Amino acid sequence: MMHGLVGILFLFNAIGAYHEPHPSYAMSGFFLVLGLVSVALPFVLRRFRNFTQVNTMARVFQAFACFSGSLYFLSHSKPDIAVLLLAVGIGVAYVGYAEHKIMQPAFAKLDMTGITLPTTFSEKLFPWTDLQNAVVRNDLFTVDFKNNKILQLEILDDLPATERDTINEYCQGRL
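Okay, so the sequence shown: first residue is 721 according to the working numbering, each after it adds one.
Encoded structure:
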């Protein structure tokens, strides 16, 4: 959905670049093509095998286009549009970075201090003293907290029964 909204913004930029006393046909065409591609991208994005890489590169290109469009409109005495594009470029870059971090594979780390799980921008440590139970069962890693909250993470790799039992024994030994 975000690609479509940025695409609509680029289409409006194409109109704005075209409706000048001396229009820049190259910049208007650039925004027109980029807007149409951005609007169409959500409909074809799932067909790509490497979804995360295509999505990340689209965000990088959209952020770059917003920043360069900001400079273009600033040089043509339209500071309000330039500031808007700068803010949108920062927002698109932030969303792109957050999506890139979210799409990365997550690994839980079990050690002497507790269970460390990745978050969007850092890692969070859940000490063993805060946990009531931690178990691997049916391709789910379930963490039960003492405050009656439960966290379940899907295990994407096939764990052999011996490794699953080893993890469960380790968790029970720490609790």
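We treat Cβ as the ideally placed atom computed from N, Cα and C, and that holds for glycine. Please read all numbers here as calculations on a predicted model, not as lab measurements.
Under a three-way DSSP split, which group does residue i fall into?
| i | result |
| --- | --- |
| Leu-860 | strand |
| Ala-881 | helix |
| Ala-828 | coil |
| Leu-895 | coil |
| Asn-733 | helix |
| Glu-819 | helix |
| Asn-770 | coil |
| Asn-867 | coil |
| Pro-799 | helix |
| Thr-833 | coil |
| Pro-762 | helix |
| Glu-740 | coil |
How many Å lie between residue i and residue j at the Cα?
| i | j | result |
| --- | --- | --- |
| Leu-794 | Phe-768 | 36 Å |
| Pro-741 | Ala-760 | 31 Å |
| Leu-873 | Ala-854 | 11 Å |
| Arg-894 | Ala-826 | 22 Å |
| Leu-754 | Leu-731 | 8 Å |
| Pro-762 | Thr-882 | 42 Å |
| Leu-805 | Glu-843 | 32 Å |
| Arg-884 | Arg-857 | 8 Å |
| Tyr-792 | Val-764 | 30 Å |
| Phe-841 | Met-832 | 23 Å |
| Gln-782 | Pro-743 | 22 Å |
| Leu-845 | Thr-839 | 10 Å |
| Ile-835 | Ile-870 | 14 Å |
| Asn-868 | Leu-837 | 19 Å |
Check the C-beta distance from residue i over to residue j and give it rounded, since I have them as a contact under 8 Å.
| i | j | result |
| --- | --- | --- |
| Gly-816 | Asn-733 | Wrong, their Cβ atoms sit about 19 Å apart, outside the cutoff. |
| Gly-736 | Ile-801 | 6 Å |
| Asp-786 | Val-808 | It is worth fixing the name first, because residue 786 is Cys in this sequence and not Asp. Their Cβ separation, rounded to whole angstroms, is 5 Å, which keeps Cys-786 and Val-808 in contact under 8 Å. |
If you compare alpha carbons, which of the options is closest to residue i?
| i | options | result |
| --- | --- | --- |
| Lys-829 | Ile-887, Arg-779 and Asn-853 | Ile-887 |
| Glu-819 | Pro-743, Phe-750, Phe-771 and Glu-889 | Phe-771 |
| Asp-877 | Cys-891, Asp-859, Tyr-890 and Asp-864 | Asp-859 |
| Gln-852 | Thr-839, Leu-845 and Cys-891 | Cys-891 |
| Val-726 | Ile-810, Trp-848, Ser-797 and Leu-871 | Ile-810 |
| Met-777 | Ser-748, Asp-885 and Ala-813 | Ala-813 |
| Met-747 | Asn-775, His-796 and Ile-870 | His-796 |
| Leu-879 | Leu-871, Phe-865 and Phe-861 | Phe-861 |
| Val-774 | His-723, Leu-729 and Gly-749 | His-723 |
Have a look at the DSSP bridge pairing and note the partners of residue i.
| i | result |
| --- | --- |
| Glu-843 | Pro-838 |
| Leu-873 | Phe-861 |
| Asn-853 | Asp-864 |
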